[in-house]
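Participant: One structure is given below, represented as structure tokens, and several questions about it will come after.
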Amino acid sequence: FLCRGNLTPAVMKDLEQLRHLKKLGVSTPPLTNDTMKSVAKLSKLEELEIWGVQLFNKGTEEVLNDEGIKALAPLKHLRVLDLNTPGTNEVVGTGLKALPHLRESLQELALGSTTAAGLEAIAEMKNLRKFDLGISPPFGETECKLLARLTKLQSLSLRFVNMSDRGWRHLESLQNLEELELRDAEIGAVGLEHIQRLPKLKTLQLHCREIDVASWKRFVLPPGLQTFEIHFGRSKVSAKSVETLIQKVAR
């Protein structure tokens, strides 16, 4: 069921009657905590996707925050939760921590942004297969260790990644990873070294800010890689870097 337009009290009242609804997609103006309380009455819901809307409207009472996320507690069958919307979406973690059943049930999660506290809650979701994070917090070794606990992860998408060299090594724990997308990432020799050790990787998408020729010369493409996309954008890329990469892919 796809809902567009204003979720007025009258619309929400009608929506609450769909007790056996399993999938709900919402594309509407700013949501509120009260809206999520109504959604939570759809106890059979397995997939909740909210996109293209503003979740946070700071300075007014029209706001969805962690209290609204906590209201989703009755959704015991939730497998997919997509809150990857633009704007100031920041589910900081207390809301997710208040939903312990997600540790078992959730298989796909998308967030516009989060914090270190949010990552702590996400790291407990041991059956997570897909994780999409719009704006990443600084990835020091602590944050990378949390991410590495998601050992069943098959698809990972991170944006604005600035991962420390010591943090990259924890990426190797994601041995079931098949898809990896890193946007606006600072990737050097250390990062590439650990990416190439992901044995099941089939799709690799890199949006790099800079390309180091020496790093690419040492990079070995994972054996099962089928799709390799690299976006240079406004990166500082030399002709030699491009030549080196083309030669490596062509082998």
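Residues 89 to 339 in my numbering are what the sequence shown spells out, letter by letter. Here a beta-carbon is modelled for each residue, glycine too, at the ideal position from N, C-alpha and C.
#1: Give me, in chain order, the residues of the same chain whose beta-carbon lies closer than 8 Å to that of residue 211; leave out the 5 immediate sequence neighbours on both sides.
#2: Given a cut-off of 8 Å on the beta-carbon distance, is the pair residue 271 and residue 307 in contact?
#3: Residue 315 lies in the beta strand (DSSP E); which residues open and close that run?
#4: Less than 8 Å between the beta carbons of residue 163 and residue 198, yes or no?
#5: Any idea if residue 201 is buried or exposed, counting beta-carbon neighbours within 10 angstroms, 16 or more meaning buried?
#6: On a Cα-Cα basis, can you pick out the residue from 155, 160 and 209 that is closest to residue 135?
#7: From 316, 289, 153 and 277, pick the residue whose C-alpha is nearest to that of residue 261; which is it?
#8: Quick check: residue 204 and residue 229, are their CB atoms within less than 8 Å of each other?
#9: Can you tell me which of 166, 208, 111 and 273 puts its alpha carbon nearest to the alpha carbon of residue 253?
#10: Compute the Euclidean distance between the alpha carbons of residue 241 and residue 227, then round it to the nearest angstrom.
#11: Does the Cβ of residue 165 have 16 or more other Cβ atoms within 10 Å, making it buried, or fewer, making it exposed?
#12: Does DSSP put residue 123 in a helix, a strand or coil?
#13: List the endpoints of the continuous alpha helix (DSSP H) containing residue 210.
#14: Might you give, ordered along the chain, the residues of its own chain that have their beta carbon closer than 6 Å to the beta carbon of residue 314, omitting 5 neighbours on each side?
#15: Put residue 221 into one of helix, strand or coil per three-state DSSP.
#16: Can you give me the C-alpha to C-alpha distance between residue 259 and residue 183, rounded to a whole angstrom?
#17: Buried or exposed for residue 108, going by 16 or more other Cβ atoms inside 10 Å?
#18: In the DSSP assignment, what are the bridge partners of residue 137?
Facilitator: Reading from the atomic positions:
#1: 234, 235, 237 and 238.
#2: With respect to residue 307, residue 271 sits apart: the two C-beta atoms are not nearer than 8 Å.
#3: Counting along the chain, the beta strand (DSSP E) containing residue 315 begins and ends at 315-319.
#4: The Cβ atoms of residue 163 and residue 198 do not sit closer than 8 Å to each other.
#5: Buried is the call here.
#6: That would be 160, whose Cα lies nearest to the Cα of residue 135.
#7: Checked all of 316, 289, 153 and 277; the closest Cα to residue 261 is 289.
#8: Cβ distance not < 8 Å, so residue 204 and residue 229 don't count as in contact.
#9: It is 273.
#10: In a straight line, the C-alpha of residue 241 is about 18 Å away from that of residue 227.
#11: Residue 165 should be labelled exposed.
#12: In this structure, residue 123 counts as helix in the three-state DSSP scheme.
#13: From DSSP, the alpha helix (DSSP H) with residue 210 extends over 204-210.
#14: For residue 314, where only same-chain residues beyond five positions count, the Cβ hits under 6 Å are 290.
#15: Note: residue 221 maps to strand in three-state DSSP.
#16: So the two alpha carbons sit approximately 26 Å from each other.
#17: Residue burial annotation: residue 108 is exposed, with fewer than 16 other C-beta atoms found within 10 angstroms of its C-beta.
#18: Paired residue(s): 113 and 170.
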